[in-house]
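Trainee: full-length UniProt numbering numbers the first residue of the sequence shown as 1 and each following residue consecutively.
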Amino acid sequence: MSKERSAAKSSGSREGQPSCKAKAVEFLARSDQSIRRLSDKLSRKGYGEDEIEETIQWLQSKRFIQEEEGCRRRFEFLYHDSSYSVRQIVAKLQQQGYDRDMIRECIPDDTDEREYAVAMKVVRRRFKAGAEQQKMLQHLYMKGFDYDTARNAVEDLRLEWDEDI
Numbered sequence: 001m002s003k004e005r006s007a008a009k010s011s012g013s014r015e016g017q018p019s020c021k022a023k024a025v026e027f028l029a030r031s032d033q034s035i036r037r038l039s040d041k042l043s044r045k046g047y048g049e050d051e052i053e054e055t056i057q058w059l060q061s062k063r064f065i066q067e068e069e070g071c072r073r074r075f076e077f078l079y080h081d082s083s084y085s086v087r088q089i090v091a092k093l094q095q096q097g098y099d100r101d102m103i104r105e106c107i108p109d110d111t112d113e114r115e116y117a118v119a120m121k122v123v124r125r126r127f128k129a130g131a132e133q134q135k136m137l138q139h140l141y142m143k144g145f146d147y148d149t150a151r152n153a154v155e156d157l158r159l160e161w162d163e164d165i
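#1: Locate the alpha helix (DSSP H) running through Glu132, then write down its first and last residues.
#2: Going by DSSP in three states, Asp110 sits in which element: helix, strand or coil?
#3: By how many angstroms is the C-alpha of Lys135 removed from the C-alpha of Leu59?
#4: Report the residue from Lys62, Val25, Val123, Tyr98 whose alpha carbon sits nearest the alpha carbon of Arg72.
#5: For Ser83, which residues of its own chain have a beta-carbon under 7 Å away from its beta-carbon, when the five flanking residues on both sides are left out?
#6: So what's Gln66 in DSSP terms, helix, strand or just coil?
#7: Determine the extent of the alpha helix (DSSP H) in which Ser39 is found, giving its start and end residues.
#8: With 16 as the cutoff for other CB atoms within 10 Å, does Gly70 come out buried or exposed?
#9: Have a look at Tyr116 and Glu68 and give me their C-alpha separation to the nearest angstrom.
#10: Taking all protein chains shown into account, do 16 or more other C-beta atoms lie within 10 angstroms of the C-beta of Ser34, making it buried, or fewer, making it exposed?
#11: Can you give me the C-alpha to C-alpha distance between Arg37 and Gln96, rounded to a whole angstrom?
#12: With C-beta atoms as the reference, is Ser85 less than 8 Å away from Lys143?
#13: Buried or exposed: Ser39, going by 16 or more other Cβ atoms within 10 Å of its Cβ?
#14: Give the DSSP-derived three-state secondary structure of Arg158 in the structure shown.
#15: Would you tell me roughly how many angstroms separate the C-alpha atoms of Glu155 and Arg100, rounded to the nearest one?
#16: Looking at Phe64: is its Cβ nearer than 8 Å to the Cβ of Leu28?
#17: By a C-beta neighbour count over all protein chains shown, 10 Å radius and 16 as the cutoff for buried, is Ile56 buried or exposed?
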């Protein structure tokens, strides 16, 4: 075996497999990744811890991975373009490897109006006039809405339905 092939094998590279840096850039080209999630993906592909750490440092030095900006972009997208409660968005971003404090910094100070509007949208989409109040409330709680928001949305929707009758 040549010295080059032996060195390549000892550094964790496998013949025919792209380098850890190339694979990381490929993942980042598809979507923003948290450092934890990117590390997990690279680890599952068989790259070693040292190689992954070196790659993460290289990506940060080249500004290919910027966790705060990625977290903010994902939060803004989910906040403005989805039917998720803020609680659900926080949970979803935590599952993707973003730090809880970093996520909390993205949450606007006043989310009450948005939460109410989204709760109304969720209930309208899921239930028809005359649905049981308890089932509607349970559905909203399951979706991460707080008690007051869920109660207000359900009560207002029931009033709307009563007016339509």
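Note that CB positions come from ideal geometry on N, CA and C, so glycine has one too.
Mentor: With the given structure in hand:
#1: Per DSSP, Glu132 lies in no alpha helix (DSSP H) and is assigned neither H nor E.
#2: Secondary structure of Asp110 (DSSP, three-state): coil.
#3: If you take the alpha carbons of Leu59 and Lys135, they lie about 48 Å apart.
#4: Of Lys62, Val25, Val123, Tyr98, the residue nearest in Cα terms is Tyr98.
#5: Correct list, in chain order: Val118, Lys121, Val122.
#6: In the three-state reduction of the DSSP assignment, Gln66 falls in the coil class.
#7: Element bounds for Ser39: 35-44.
#8: The residue is buried, with at least 16 neighbouring Cβ atoms inside 10 Å.
#9: About 27 Å.
#10: Around the beta carbon of Ser34, 16 or more other beta carbons lie within 10 angstroms, which makes this residue buried.
#11: Cα to Cα, the separation comes out at about 6 Å.
#12: Taking C-beta atoms as the reference points, Ser85 and Lys143 count as a pair closer than 8 Å.
#13: Buried, because 16 or more other Cβ atoms sit within 10 Å of the Cβ of Ser39.
#14: When secondary structure is reduced to three states using DSSP, Arg158 falls in the helix class.
#15: Straight-line Cα distance between these residues: approximately 32 Å.
#16: Taking a C-beta distance under 8 Å as the contact criterion, Phe64 and Leu28 qualify as a contact pair.
#17: Counting every other CB atom within 10 Å of its CB across the protein chains shown gives Ile56 a total of 16 or more, marking it as buried.
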